[in-house]
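Quick notes on the structure that follows.
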Amino acid sequence: MTDNMKTAVLGRTDDHEPIWNPAYQKVAVEFHFHPDVCAPASGNQKGAVENLVKFVRIQLFTRTYLS
Numbered sequence: 001m002t003d004n005m006k007t008a009v010l011g012r013t014d015d016h017e018p019i020w021n022p023a024y025q026k027v028a029v030e031f032h033f034h035p036d037v038c039a040p041a042s043g044n045q046k047g048a049v050e051n052l053v054k055f056v057r058i059q060l061f062t063r064t065y066l067s
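Here the sequence shown stands for residues 1 to 67, where the numbers follow my numbering.
Laid out in structure tokens, this is it:
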């Protein structure tokens, strides 16, 4: 699931369907995944993904040094 960033979504149709960036659509076909996009102004839809990214970042990039 992606946000409505211009690298993925160029806009919306009259039916509120995303207009995909052709380059992003090509990547989706190449890597065999179905892109999905959050509804505009719906931060609750992407919170779980962002929390997972935060968790991984903290786990991978935080080091504790024992003296």
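Idealized CB from N, CA, C, for every residue including glycine.
- Per DSSP, the beta-bridge partners of R12 are P18.
- With contacts defined as CB atoms closer than 8 Å, W20 and V9 qualify as a contacting pair.
- In this structure, V37 and M1 form a Cβ contact; the two beta carbons are roughly 7 Å apart against a cut-off of 8 Å.
- Bridge pairing for T7: absent [DSSP].
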